[in-house]
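> At position 206 of the sequence shown (counting the first as 1) the number is 206 in UniProt numbering, and the numbers step up by one without a gap.
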Amino acid sequence: MAKIESQRLNWIRHNQKSIKAEKYKVIVDALSSDTEIIPGCLTILPPIIYGSPRWYAKEFQDAMALVRVKGKPDFFLTFTCNPNWPEIKGSIFEGQQTHQRPDIIARVFHMKVEALLTDILKYDILGHVDAFVMVKETQKRHLPHIHMLITMVPRDKPRTSTDIDRVVSAEIPDKETNPELHRIVTSHMIHGPCGQWNRDSPCMVDRKCSKDYPKQLRQDTCFSDNSYPLHGFTLSGHFGLPEPNPLHDHNQTPRIIQHEIEHNMEELLANITRTENRLNHEQQTVIKTVMESVVKGLGKMIALDASGGTGKTFILCHILDKVRAEGKVALATAASGIAATLLPKGTTFHSRTKCPLILTDESTCSVSEHDSTATLIRMTHLMVVDEVTMMDRRALEAADRTFQWLRGSAKPFGGITMVFSGDWRQILTVVPHGSHIEIIGRSCKSSYLWKNVETLRLTENMRISQAAEHQQAEEEFARFLLDLGEAKIPVVPEEGEFANKLNDTLTIPGDKLKDIVHWVYEDMLANISSPTWLCERVILCPTNSEVDIVNEYMTKIFPGEEHVCNSVDTADSEGHHMYPTEFLNTLCPSGMPPHRITLKVGMVIMLLRNFDQQNGHCNGSRYIIEQILPHLLVAKSVIGVNAGRALLIPQITLIPSDNIFPFTLRWKQFPVRPCFAMTVNKSQGQSLQRVGVSCTRDFFSHGQFYVAASRVGRSNRLRILVVNVAFVCAENCRKRTMTSVEFPEVRTALICI
Numbered sequence: 001m002a003k004i005e006s007q008r009l010n011w012i013r014h015n016q017k018s019i020k021a022e023k024y025k026v027i028v029d030a031l032s033s034d035t036e037i038i039p040g041c042l043t044i045l046p047p048i049i050y051g052s053p054r055w056y057a058k059e060f061q062d063a064m065a066l067v068r069v070k071g072k073p074d075f076f077l078t079f080t081c082n083p084n085w086p087e088i089k090g091s092i093f094e095g096q097q098t099h100q101r102p103d104i105i106a107r108v109f110h111m112k113v114e115a116l117l118t119d120i121l122k123y124d125i126l127g128h129v130d131a132f133v134m135v136k137e138t139q140k141r142h143l144p145h146i147h148m149l150i151t152m153v154p155r156d157k158p159r160t161s162t163d164i165d166r167v168v169s170a171e172i173p174d175k176e177t178n179p180e181l182h183r184i185v186t187s188h189m190i191h192g193p194c195g196q197w198n199r200d201s202p203c204m205v206d207r208k209c210s211k212d213y214p215k216q217l218r219q220d221t222c223f224s225d226n227s228y229p230l231h232g233f234t235l236s237g238h239f240g241l242p243e244p245n246p247l248h249d250h251n252q253t254p255r256i257i258q259h260e261i262e263h264n265m266e267e268l269l270a271n272i273t274r275t276e277n278r279l280n281h282e283q284q285t286v287i288k289t290v291m292e293s294v295v296k297g298l299g300k301m302i303a304l305d306a307s308g309g310t311g312k313t314f315i316l317c318h319i320l321d322k323v324r325a326e327g328k329v330a331l332a333t334a335a336s337g338i339a340a341t342l343l344p345k346g347t348t349f350h351s352r353t354k355c356p357l358i359l360t361d362e363s364t365c366s367v368s369e370h371d372s373t374a375t376l377i378r379m380t381h382l383m384v385v386d387e388v389t390m391m392d393r394r395a396l397e398a399a400d401r402t403f404q405w406l407r408g409s410a411k412p413f414g415g416i417t418m419v420f421s422g423d424w425r426q427i428l429t430v431v432p433h434g435s436h437i438e439i440i441g442r443s444c445k446s447s448y449l450w451k452n453v454e455t456l457r458l459t460e461n462m463r464i465s466q467a468a469e470h471q472q473a474e475e476e477f478a479r480f481l482l483d484l485g486e487a488k489i490p491v492v493p494e495e496g497e498f499a500n501k502l503n504d505t506l507t508i509p510g511d512k513l514k515d516i517v518h519w520v521y522e523d524m525l526a527n528i529s530s531p532t533w534l535c536e537r538v539i540l541c542p543t544n545s546e547v548d549i550v551n552e553y554m555t556k557i558f559p560g561e562e563h564v565c566n567s568v569d570t571a572d573s574e575g576h577h578m579y580p581t582e583f584l585n586t587l588c589p590s591g592m593p594p595h596r597i598t599l600k601v602g603m604v605i606m607l608l609r610n611f612d613q614q615n616g617h618c619n620g621s622r623y624i625i626e627q628i629l630p631h632l633l634v635a636k637s638v639i640g641v642n643a644g645r646a647l648l649i650p651q652i653t654l655i656p657s658d659n660i661f662p663f664t665l666r667w668k669q670f671p672v673r674p675c676f677a678m679t680v681n682k683s684q685g686q687s688l689q690r691v692g693v694s695c696t697r698d699f700f701s702h703g704q705f706y707v708a709a710s711r712v713g714r715s716n717r718l719r720i721l722v723v724n725v726a727f728v729c730a731e732n733c734r735k736r737t738m739t740s741v742e743f744p745e746v747r748t749a750l751i752c753i
């Protein structure tokens, strides 16, 4: 069907001049005039195309013609597919769900409709049919249904309430005399409860049932000239029948909720059993504290302070598994997409809570009282927020206000147990052009919420215990990282207030960019056929300008044919003609790809936009290019949770989130950039096998040097190149110090307000 429609559309596209259409009056006027202009619309879809506007208009006119000739319809019939039909259940494979086989559902439903039409049109179960109109619709959650308007011949038209009651029944059949019909009616045809019995029912609009239930008790059916008849109801206005749980119904449950409540219990229990034997005492204490708050409904706020290698992600996954295994809702969120992919069913905090991107001290989340996100928040028992150190306190406060309102509780976050995890030695939230005080003021520790937070710490490094053969060296490296993060590294006063003295074993011999490139990508030509080898190593730089220099150098020496991709830049404003294209091409706002990207098949790229977070395709993910097409990149991930998955990356229109120009810049380009090197900020949350830190200028923000050094687990996988100017190799340029900025106030809880 799709191929046939595609061929039809292709023919129409190439024959527009011969199938133009216009209103009758316009054609008559054109024929009566001397003009040589041929009337008609150049782009139309004729009514033979199913679902086109003209097809709908034609079908509507046909239906109204039946009304004019045969009279108003007598019966309105709705027939809905049931996924529990034995014909469907018996045709799917073991372990499959019905929504995974839309082909079987469509076939079975079509046969059922044909059987229904046979009963109505051939066997006259309603009487002799004079005309009918039918439309088939498919619900967004895969189940089809039909609506049918039926017009009877004059002798069989329902004219009295008795005639209607003969066809339509609003009564529950007797369970003893007709048990099968009783089961069907009570399972599928009872509305509610709603109204005062259930304010959260999906049918509730403006605090009343949109279907006008419960209906008034009536002994007889009453006619109405311009609406449906009021059927006789022998049930009272109360709802006495049990209501199926909509959260276990695939067809009713919103996908956002379904994703969070459906789990593979066997896999959860296996994960719990496998990890419980590997927990140390500190980790067991954290898990016990969190589970006690969840089970008893204490609604605690718990901060987990953990440096790299102490098993933070390991126990967060364990806690999420335990809560979900008990049938409770646990939401896994993180400040960044990369960090979210490390948690089961993780997503970003902003995406899950609908927190605004532009924050104020009075911001709230964009969640309405009746949408699916609000329902999910009311059901939630635990929320994990990873990498909280990178978050703006105003985002947490906005979520707190929203959760309290939705859950009707004055407790912090409406009584949800919150787990905030992160390493306060790492990079804090980014404040453009912000001062030391402004950055600390945006930190979550400066929030009014933090005074009620219980802080737990993990100090035992799991990486050391797993590498006994290198234990002494790794203990020294772990101690170096902690001292670096806590500003305990000796300083060289003559070099500057924050100039840290580096160990000679961590600095790389040489002063040129090629020295660190050759160390990180050693024997690149011999290993270029291994995508994993390429993606497990990177060069880190403090700024984007240094990153661009390294990537440009690496792209030139990387073997392969160059493909240059230029962006299409436009200015959206009244005076857009004032900005020449050449000027727009020179702009490169933060978070945007460059105007000119040089790509080669096999090279490493980084995604700059979230494409599919559930499958790991998010901002900051790294890929290998497999194919370069004019308007499409075919890339493949080789490490991480989405290893082996391919991604099609199209050119898309990008708009900078921070509008620093007097116009709106629209930037059509591939949302990628070469990634032999990346900024330290982008690397936060990633684990790598070999890292080189190229510093042609000093670090400028809290935790940057610590983050760069802690991306690897062993000292022999880290090297640092410190020079004054890139590509300069002079003995007087060599330094053994590196400026690292740390804010000691952030590592304490004394700044809470």
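Quick reminder that beta carbons are idealized off the backbone N, C-alpha and C, glycines included. Since the model is a prediction, treat every value here as computed from it, not as a measurement.
Hey, could you find the ends of the alpha helix (DSSP H) S161 is sitting in?
The count along the sequence shown starts at 1 and reaches residue 161 at position 161. S161 to V167 is the span of the alpha helix (DSSP H), which, as asked, contains S161.
> Are I440 and S446 closer than 8 Å when you measure CB to CB?
Walking along the sequence shown from the start, residue 440 turns up at place 440. Walking along the sequence shown from the start, residue 446 turns up at place 446. Result yes, Cβ atoms of I440 and S446 sit closer than 8 Å.
> Determine, using beta-carbon pairs with one atom in the stretch 81-89 and one in the stretch 116-130, whether at least three such pairs fall under 8 Å.
no
> Would you give the residue range spanned by the beta strand (DSSP E) that T598 belongs to?
Along the sequence shown, read from residue 1 onward, the residue named residue 598 stands at position 598. R596 to L599 is the extent of the beta strand (DSSP E) around T598.
> With a threshold of 8 Å on Cβ separation, who are the neighbours of K208 within its own chain once the five nearest residues in sequence on each side are excluded?
Along the sequence shown, one-based indexing puts residue 208 at 208. Excluding sequence neighbours, K208 sits near G195.
> With respect to the beta strand (DSSP E) encompassing L632, which residues constitute its N-terminal and C-terminal limits?
Reading the sequence shown from its first residue, position 632 is the one you call residue 632. Unbroken beta strand (DSSP E) run through L632: L632 to K636.
> Going along the chain, which unbroken runs of the alpha helix (DSSP H) with 4 or more residues stay wholly within the UniProt domain "Helitron helicase-like" (2-150)?
2-13, 24-32, 53-70, 86-89 and 102-117
> Quick check: what's the CA-CA separation for F60 versus T98?
Counting from 1 along the sequence shown, the entry for residue 60 is found at position 60. Counting from 1 along the sequence shown, the entry for residue 98 is found at position 98. Taking the straight line from one Cα to the other gives about 33 Å.
> Would you call Q669 buried or exposed, if buried means 16 or more other Cβ atoms sit within 10 Å of its Cβ?
The count along the sequence shown starts at 1 and reaches residue 669 at position 669. It is buried - the Cβ of Q669 has at least 16 other Cβ atoms within 10 Å.
> Which residues does DSSP pair with I420 in a beta bridge?
The residue you call residue 420 lines up with position 420 of the sequence shown. First, the residue type needs correcting, since residue 420 is Phe and not Ile in the sequence shown. According to DSSP, F420 bridges with A303 and V385.
> Within 10 angstroms of its Cβ, does S545 collect 16 or more other Cβ (buried), or is it exposed?
Against the sequence shown, residue 545 aligns to sequence position 545. The residue is exposed, with fewer than 16 neighbouring Cβ atoms inside 10 Å.
> My guess is that residue 760 and L607 are in contact by the Cβ rule of under 8 Å, so how many angstroms apart are they, rounded?
Because the chain here runs from 1 to 753, residue 760 falls outside it and cannot be looked at.
> DSSP state of I358, grouped into three classes?
Position 358 of the sequence shown, counting from 1, holds the residue named residue 358. I358: coil per DSSP, three-state reduction.
> Measuring alpha carbon to alpha carbon, tell me which of Q684, S683, S657 and Q627 ends up nearest S590.
Position 590 of the sequence shown, counting from 1, holds the residue named residue 590. Closest option to S590, Cα to Cα, is S657.
> Tell me where the beta strand (DSSP E) around G346 begins and ends.
Taking the first residue of the sequence shown as 1, we reach residue 346 at position 346. Counting along the chain, the beta strand (DSSP E) containing G346 begins and ends at G346 to T348.
> The beta strand (DSSP E) that contains A709, what's its start and end?
If you number the sequence shown from 1, residue 709 lands on position 709. That residue, A709, is in no beta strand (DSSP E); its alpha helix (DSSP H) goes Q704 to A709.
> Taking the alpha carbon of K70 as the reference point, which residue from A131, L117 and S6 has its own alpha carbon closest?
As a first step, residue 70 must be located in the sequence shown, where it is residue number 70. With distances taken between Cα atoms, K70 lies closest to A131.
> In this structure, does DSSP put G414 in helix, strand or coil?
Position 414 of the sequence shown, counting from 1, holds the residue named residue 414. Helix at G414.
> Give the C-beta separation of S421 and L304 to the nearest angstrom, bearing in mind that I take them to be a contact with Cβ-Cβ under 8 Å.
As a first step, residue 421 is located in the sequence shown; it is residue number 421 there, counting from the start. As a first step, residue 304 is located in the sequence shown; it is residue number 304 there, counting from the start. 4 Å between Cβ atoms; contact.
> Run through DSSP, which three-state label would E260 get?
Here residue 260 refers to the residue found at position 260 of the sequence shown. E260 falls in the helix class under three-state DSSP.
> What span of residues does the beta strand (DSSP E) with Q196 cover, start to end?
As a first step, residue 196 must be located in the sequence shown, where it is residue number 196. Careful: Q196 lies outside any beta strand (DSSP E) and carries neither H nor E.
> What's the gap between the Cα of E276 and the Cα of K322?
Locating residue 276 in the sequence shown gives position 276, counting from the first residue. Locating residue 322 in the sequence shown gives position 322, counting from the first residue. C-alpha separation (whole angstroms): 11 Å.
> Evaluate L357 with the Cβ neighbour count: other Cβ atoms within 10 Å of its Cβ, from every protein chain shown; 16 or more gives buried, anything less gives exposed.
The sequence position of residue 357 within the sequence shown is 357, counting from 1. The residue in question, L357, is exposed, as its Cβ has fewer than 16 Cβ neighbours within 10 Å.
> Apart from the five residues on each side of it in sequence, which residues of its chain come closer than 6 Å, Cβ to Cβ, to N551?
Your numbering for residue 551 matches position 551 in the sequence shown. Only P674, F676 and A677 meet the Cβ criterion.
> Of all the options S567, M64, S307 and A410, which has the alpha carbon lying nearest to the alpha carbon of M389?
As a working note, residue 389 is residue 389 in the sequence shown. In the sequence as displayed, the identity of residue 389 is Thr instead of Met. Relative to the Cα of T389, the nearest Cα in the group S567, M64, S307 and A410 belongs to S307.
> In three-state terms, what does DSSP make of R537?
Looking up residue 537 in the sequence shown gives position 537. Residue state, collapsed to three classes: strand.
> As a quick exercise: from S687, G95, S91 and Q96, pick the residue whose alpha carbon is nearest that of F109.
As a first step, residue 109 is located in the sequence shown; it is residue number 109 there, counting from the start. Of the candidates S687, G95, S91 and Q96, the one whose C-alpha sits nearest the C-alpha of F109 is S91.
> Assign K300 to one of two classes, buried (16 or more other C-beta atoms within 10 Å of its C-beta) or exposed (fewer than that).
For the purposes of this step, residue 300 is taken as the residue at position 300 of the sequence shown. Flag for K300 reads buried.
> If you count every other CB in all the chains shown that lies within 10 Å of the CB of E387, and 16 or more means buried, which is it?
Here the question's residue 387 lines up with position 387 in the sequence shown. With 16 or more other Cβ atoms within 10 Å, it is buried.
> Looking only at its chain, what residues have a beta carbon closer than 6 Å to the beta carbon of H191, apart from the 5 residues adjacent to it on each side?
Within the sequence shown, numbered from 1, the residue matching residue 191 stands at position 191. Result list for H191: Y213, in chain order.
> With 16 other CB atoms within 10 Å as the buried threshold, where does Y50 fall?
As a position in the sequence shown, residue 50 is number 50, starting the count at 1. So Y50 ends up on the exposed side.
> From I649 to L31, what does the alpha carbon distance come to, in whole angstroms?
For the purposes of this step, residue 649 is taken as the residue at position 649 of the sequence shown. For the purposes of this step, residue 31 is taken as the residue at position 31 of the sequence shown. Rounded to the nearest angstrom, the two C-alpha atoms are 51 Å apart.
> Name the one or two DSSP bridge partners that S694 has.
Residue mapping note: residue 694 aligns to position 694 of the sequence shown, counting from 1. Paired residues: L721.
> Determine the closest residue to I302 out of M291, A643 and F349, with distance taken between C-alpha atoms.
Stepping through the sequence shown from its first residue, residue 302 is reached at position 302. Closest by alpha carbon: M291.
> Helix, strand or coil: how does DSSP classify H182 here?
Along the sequence shown, read from residue 1 onward, the residue named residue 182 stands at position 182. Under the three-state reduction of DSSP, H182 is assigned to helix.
> Give me, in chain order, the residues of the same chain whose beta-carbon lies closer than 8 Å to that of E454; leave out the 5 immediate sequence neighbours on both sides.
For the purposes of this step, residue 454 is identified with residue 454 of the sequence shown, where counting begins at 1. Answer for E454: T289, K300, M301, I302 and A303, listed in chain order.
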